[in-house]
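Enquirer:
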Amino acid sequence: MTTSTPLHECPVASLRGVGPALAERLQRLGIVSVQDLLFTLPRHYEDRTQRTPLGGLIPGMTALVEAEVALADIVQGRRRALLVRLRDGTGGLTLRFYHFRQAQKDSFSKGLRLRVFGEVRSGPAGPEMIHPEVEWLTDALSATDERLNDHLTPIYPLVEGLTQRRLRELIQRALPLLNDHSLIDKLPSHASLADALRTVHAPSPDSDRQALRDGLHPAQQRLVFEELVAHQMGLLQRRDRQRHTAAPALICDDDLSGQLRQALPFALTAAQQRVIGEIHHDLGQRRAMLRLVQGDVGSGKTVVAALAACPALAAGLQVAIMAPTEILAEQHLARFRSWFEPLGISVGWLSGKQTAKAHTASLAALATGDCQLVIGTHALFQASVQFARLGLVIIDEQHRFGVAQRLMLAEKGLSAGWLPHQLIMTATPIPRTLAMSAYGDLDTSIIDALPPGRQGIQTVVLANTRRDTLIERIRHHAGGGQQVYWVCTLIEQSEQIQAQAAEAAMSELSEALPELRVGLVHGQLKAADKAEVMARFVAGEIQVLVATTVIEVGVDVPNATLMVIENPERLGLSQLHQLRGRVGRGQLASFCVLLYQTPVSALGRARLQTLRDSQDGFVIAEKDLELRGPGEVLGTRQTGDVQFRLADLVRDAELLEPARTTAESLHGNPTYHYLLRRWLSHEGQYALA
Ligand code: ADP
Ligand code: MG
1 MTTSTPLHEC
11 PVASLRGVGP
21 ALAERLQRLG
31 IVSVQDLLFT
41 LPRHYEDRTQ
51 RTPLGGLIPG
61 MTALVEAEVA
71 LADIVQGRRR
81 ALLVRLRDGT
91 GGLTLRFYHF
101 RQAQKDSFSK
111 GLRLRVFGEV
121 RSGPAGPEMI
131 HPEVEWLTDA
141 LSATDERLND
151 HLTPIYPLVE
161 GLTQRRLREL
171 IQRALPLLND
181 HSLIDKLPSH
191 ASLADALRTV
201 HAPSPDSDRQ
211 ALRDGLHPAQ
221 QRLVFEELVA
231 HQMGLLQRRD
241 RQRHTAAPAL
251 ICDDDLSGQL
261 RQALPFALTA
271 AQQRVIGEIH
281 HDLGQRRAML
291 RLVQGDVGSG
301 KTVVAALAAC
311 PALAAGLQVA
321 IMAPTEILAE
331 QHLARFRSWF
341 EPLGISVGWL
351 SGKQTAKAHT
361 ASLAALATGD
371 CQLVIGTHAL
381 FQASVQFARL
391 GLVIIDEQHR
401 FGVAQRLMLA
411 EKGLSAGWLP
421 HQLIMTATPI
431 PRTLAMSAYG
441 DLDTSIIDAL
451 PPGRQGIQTV
461 VLANTRRDTL
471 IERIRHHAGG
481 GQQVYWVCTL
491 IEQSEQIQAQ
501 AAEAAMSELS
511 EALPELRVGL
521 VHGQLKAADK
531 AEVMARFVAG
541 EIQVLVATTV
551 IEVGVDVPNA
561 TLMVIENPER
571 LGLSQLHQLR
581 GRVGRGQLAS
591 FCVLLYQTPV
601 SALGRARLQT
611 LRDSQDGFVI
621 AEKDLELRGP
631 GEVLGTRQTG
641 DVQFRLADLV
651 RDAELLEPAR
661 TTAESLHGNP
671 TYHYLLRRWL
681 SHEGQYALA
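Number 208 in full-length UniProt numbering belongs to position 208 of the sequence shown; there are no gaps in the numbering.
So this is what it looks like as structure tokens:
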């Protein structure tokens with residue numbers, strides 16, 4: 001390695017202290033070159049530049065202190081703990097350790113001086129810190145080692161097998177290489193990239209600390225912009241690849257669409273017709289469609305999907321429809337059967353929960369082409385699934401899937417020598433900034449109107465203490481022939497615990513409402529049992545359906561007009577909006593009761609009020625993005641696809657448009673491909689493949 005070697009070609013192993021074992025560990029993290037190391041960026045900073053006297057400690061603050069050990073003792077409280085008492089003349093501080101060894105106690109002998117960093121909380125005997133970072137300041141240490149940091153301490157994202165300290169040391173060792181080795185820096189910008197890296201990894205003492213902590217320092221923003229440009233370039237590349245892939249052009253003046261339209265009990269809205277037109281236009285091209293349809297809950301996406309399928313079916317190609325939950329998939333199955341079987345199209349079913357025999361039969365029908373339209377869950381993209389001639393993939397409620405899964409399903413069409421057309425539907429309205437990042441590679445259609453005659457949903461925020469009133473309300477409501485959802489939410493991801501809560505609510509309601517038939521669905525039930533309960537609810541035999549959030553997406557029973565959501569404060573706004581969308585689907589007035597647990601925080605109440613005051617999914621999603629960040633709005637899987645090292649879609653929203661514009665002007669140009677290699681992780685590059 002000479003000084004002319006650019007940083008992306010300098011192996012990390014060339015750094016002092018990086019032996020073969022460490023180099024291999026780094027490689028597994030995707031860190032091969034010194035550039036990779038330098039682009040491992042801190043997302044937070046800690047201030048260890050100043051000592052706080054013990055007398056100045058306030059609970060809640062994170063502080064660095066230096067003081068003398070007065071006493072160390074093991075106490076038997078509710079939990080055995082090692083307590084170390086410090087003193088500095090201005091006050092006292094207790095360090096509390098629950099995990100410790102005897103040798104550790106001995107290391108805190110009276111009179112030793114410590115430097116301690118941690119969060120202060122109020123303990124029984126004044127301020128304390130639990131498991132702080134401790135450094136011993138002994139005479140043996142040289143004066144320089146005792147010097148305080150003069151800059152903020154960067155905190156790196158946790159990487160497997162490396163401590164913060166180790167990573168920090170490595171990066172500090174890599175920084176001087178910026179002086180001699182070149183770093184490709186071709187983006188038009190006022191600030192130098194090397195300077196930006198120096199600043200974020202080792203901010204100088206006089207740099208603006210507040211800006212750094214907020215992520216708004218010009219050095220950080222310089223990097224954020226580059227990251228956003230790289231990300232957008234990645235999306236554009238993916239879009240281009242799609243556009244250059246051959247797909248069967250499907251002629252759309254087919255009979256099938258016309259027949260289906262005629263059979264529908266309603267006329268399509270103008271918004272639905274426009275979107276169907278856009279889809280049919282795409283399908284007629286010789287390249288694969290990649291279109292996202294956004295439409296608020298209840299806007300009528302299912303029938304749009306059905307009409308999208310027609311040209312493919314008419315051309316003798318297969319269509320696969322994937323839904324994220326069993327319940328939703330079954331509902332689609334029933335609906336598509338009723339639409340298509342009278343028209344002579346065979347509709348199949350594929351789920352992980354069907355019997356082995358049925359599963360094998362479904363697989364065979366797909367492979368031979370006997371099954372023309374298949375509805376299924378995640379089971380559809382498993383390796384064992386083969387299609388004879390897959391022409392169109394439709395993914396409902398896309399936010400529940402990841403990009404990788406969508407691509408896996410699409411690739412199943414490759415056996416026929418083309419990429420199938422892809423239609424992606426989502427009911428979560430996505431704020432524009434987010435849509436540009438998560439779906440920047442897709443063409444978008446929006447169903448921006450609801451079918452006529454909808455009454456709207458009146459939403460009420462009610463304290464749990466008024467359960468009795470609510471139960472009377474349900475008695476009255478269901479007595480009049482309409483149906484009710486009672487939704488139990490829990491923070492725990494465990495379906496089992498959710499199921500228990502739902503069972504408890506079920507017994508409470510059955511007891512309080514003996515004259516009504518109450519049913520129960522949750523994720524722990526067998527598929528057949530779940531299907532039976534849902535079928536009875538659809539048929540109106542069950543009047544009150546107690547459910548977990550398994551019914552969140554897609555379920556459509558227009559006669560259900562009252563929904564109670566227990567503990568709504570536990571869910572995000574977008575998720576609540578989705579849930580609430582299960583009512584208000586017919587011509588009858590609908591109600592949603594948000595039954596919160598008292599006491600509720602001011603913020604919690606404000607969130608529920610947003611929901612009470614708006615039924616516009618876009619408004620709610622914007623608010624959600626503001627309050628809880630992109631993960632909430634997109635769903636966890638999807639966020640995996642838009643993970644940034646430094647950028648924050650809320651904070652940096654304003655950089656997104658310019659980044660997109662820049663990316664558009666650069667993306668065909670190989671000179672700028674270094675940006676993709678620099679910023680996109682290996683998985684990211686895979687997802688772009
Ligand atoms: P979502 O967009 O939430 O998936 P669905 O496709 O489930 O909505 O449709 C919601 C309800 O509206 C269904 O009962 C459906 O039959 C009905 N619907 C759809 N389109 C129309 C229309 N143009 N006129 C009247 N009702 C419609
Ligand atoms: Mg739907």
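Every residue, glycine too, gets a C-beta built ideally from N, C-alpha and C.
#1: Buried or exposed: which applies to Leu666, given that a residue is buried once 16 or more other Cβ atoms fall within 10 Å of its Cβ?
#2: What are the start and end residues of the beta strand (DSSP E) that includes Gln422?
#3: Would you kindly report the start and end of the unbroken beta strand (DSSP E) that includes Asp73?
#4: Using 8 Å as the threshold, is the stretch 334-349 in touch with the stretch 410-422, meaning 3 or more CB pairs across them?
#5: To the nearest angstrom, how far is it from the Cα of Gly30 to the Cα of Leu516?
#6: How is Leu15 classed by DSSP in three states: helix, strand or coil?
#7: Quick test of the definition: if touching needs 3 or more C-beta pairs under 8 Å, does the stretch 312-323 touch the stretch 358-376?
#8: What runs of the beta strand (DSSP E), each 3 residues or longer, lie entirely inside the stretch 435-490?
#9: For the beta strand (DSSP E) that Pro154 lies in, which residues bound it at each end?
#10: From what residue to what residue does the beta strand (DSSP E) around Ser590 run?
#11: Could you have a look at Glu397 and say whether DSSP puts it in helix, strand or coil?
#12: Could you check where the beta strand (DSSP E) with Ile375 kicks off and where it finishes?
#13: Return the CA-CA distance between Ala478 and Pro514, expressed in angstroms with no decimal places.
#14: Considering Cα atoms alone, identify which of Pro203, Phe618 and His673 is closest to Asn149.
#15: Taking only the alpha-carbon atoms, compute the straight-line gap between Cys371 and Ala383 and give it to the nearest angstrom.
#16: Are there 16 or more other CB atoms within 10 angstroms of the CB of Ile551, so buried, or fewer, so exposed?
#17: With distances taken from CA atoms, which of Ile447, Gly161 and Thr561 is nearest Gly300?
#18: Under a three-way DSSP split, which group does Val134 fall into?
#19: Rounded to whole angstroms, what is the Cα-Cα separation between Pro558 and Gly344?
#20: Rounded to whole angstroms, what is the Cα-Cα separation between Asn567 and Ala621?
#21: Regarding Ser614 and the ligand ADP, is the C-beta to nearest heavy atom distance less than 6 Å?
#22: Hey, quick one: how far does the alpha helix (DSSP H) through Ile327 stretch, first residue to last?
#23: According to DSSP, is Val319 part of a helix, a strand, or is it coil?
#24: Nearest to Ile58 by CA position, among Ala501, Gly519, Leu573 and Glu128, is which residue?
#25: At a cut-off of 6 Å, would you count Ala427 as near the ligand ADP, judging by its Cβ distance to the nearest heavy atom?
#26: Could you check how far apart the C-beta atoms of Leu594 and Val460 are, in whole angstroms? I think they sit under 8 Å.
#27: Can you round the beta-carbon distance between Asp556 and Arg585 to whole angstroms, since I take them to be within the 8 Å contact cut?
#28: Rounded to whole angstroms, how far is the Cβ of Ala247 from the Cβ of Leu680, which I believe are closer than 8 Å?
#29: On the three-pair Cβ rule with 8 Å, is the stretch 65-76 touching the stretch 103-112?
Expert: Considering the structure as presented:
#1: Here residue 666 refers to the residue found at position 666 of the sequence shown. Leu666 comes out buried.
#2: Residue mapping note: residue 422 aligns to position 422 of the sequence shown, counting from 1. Note, Gln422: beta strand (DSSP E), His421 to Thr426.
#3: Taking the first residue of the sequence shown as 1, we reach residue 73 at position 73. Start and end: Thr62 to Gln76.
#4: Note that the stretch 334-349 does not touch the stretch 410-422; fewer than 3 beta-carbon pairs, one per stretch, sit closer than 8 Å.
#5: If you number the sequence shown from 1, residue 30 lands on position 30. If you number the sequence shown from 1, residue 516 lands on position 516. Going by the C-alpha atoms only, they are around 59 Å apart.
#6: Counted from its first residue, the sequence shown places residue 15 at position 15. Three-state DSSP puts Leu15 in coil, outside helix and strand.
#7: yes
#8: 443-447, 457-463 and 483-487
#9: As a position in the sequence shown, residue 154 is number 154, starting the count at 1. Per DSSP, Pro154 belongs to the beta strand (DSSP E) from Thr153 to Ile155.
#10: If you number the sequence shown from 1, residue 590 lands on position 590. Start and end: Ser590 to Tyr596.
#11: Here residue 397 is taken as the residue at index 397 of the sequence shown, counted from 1. Three-state DSSP puts Glu397 in coil, outside helix and strand.
#12: Taking the sequence shown and counting its residues from 1, the one referred to as residue 375 is at position 375. Leu373 to Gly376 is the extent of the beta strand (DSSP E) around Ile375.
#13: Sequence index remark: in the sequence shown, residue 478 carries index 478 (1-based). Sequence index remark: in the sequence shown, residue 514 carries index 514 (1-based). Straight-line Cα distance between these residues: approximately 12 Å.
#14: Looking up residue 149 in the sequence shown gives position 149. Asn149 has its Cα closest to that of Pro203, out of Pro203, Phe618 and His673.
#15: Reading the sequence shown from its first residue, position 371 is the one you call residue 371. Reading the sequence shown from its first residue, position 383 is the one you call residue 383. Using only the alpha carbons, I get a separation of about 18 Å.
#16: For the purposes of this step, residue 551 is taken as residue 551 along the sequence shown, with counting starting at 1. Classification of Ile551: buried, given that the 10 Å Cβ count is 16 or more.
#17: As a position in the sequence shown, residue 300 is number 300, starting the count at 1. That would be Ile447, whose Cα lies nearest to the Cα of Gly300.
#18: As a first step, residue 134 must be located in the sequence shown, where it is residue number 134. Residue state, collapsed to three classes: strand.
#19: Numbered from its first residue, the sequence shown carries residue 558 at position 558. Numbered from its first residue, the sequence shown carries residue 344 at position 344. Distance between the alpha carbons of Pro558 and Gly344: 28 Å.
#20: Here the question's residue 567 lines up with position 567 in the sequence shown. Here the question's residue 621 lines up with position 621 in the sequence shown. C-alpha separation (whole angstroms): 20 Å.
#21: Within the sequence shown, residue 614 is the residue found at index 614, counting from 1. Outside the cutoff, so no.
#22: As a working note, residue 327 is residue 327 in the sequence shown. For Ile327, the enclosing alpha helix (DSSP H) covers residues Glu326 to Phe340.
#23: On the sequence shown, residue 319 is found 319 positions in, with the first residue counted as 1. The answer is strand: DSSP assigns Val319 an E or B state.
#24: By 1-based counting over the sequence shown, the position of residue 58 is 58. For the residues Ala501, Gly519, Leu573 and Glu128, the minimum Cα distance to Ile58 belongs to Glu128.
#25: As a position in the sequence shown, residue 427 is number 427, starting the count at 1. At least one heavy atom of the ligand ADP is nearer than 6 Å to the Cβ of Ala427, so yes.
#26: Within the sequence shown, residue 594 is the residue found at index 594, counting from 1. Within the sequence shown, residue 460 is the residue found at index 460, counting from 1. At roughly 7 Å, the Cβ-Cβ gap stays under 8 Å, so Leu594 and Val460 are in contact.
#27: Start at 1 with the first residue of the sequence shown, and residue 556 comes out as number 556. Start at 1 with the first residue of the sequence shown, and residue 585 comes out as number 585. Correct: roughly 6 Å between the Cβ atoms.
#28: Taking the sequence shown and counting its residues from 1, the one referred to as residue 247 is at position 247. Taking the sequence shown and counting its residues from 1, the one referred to as residue 680 is at position 680. About 26 Å separates the two Cβ atoms, so there is no contact after all.
#29: yes
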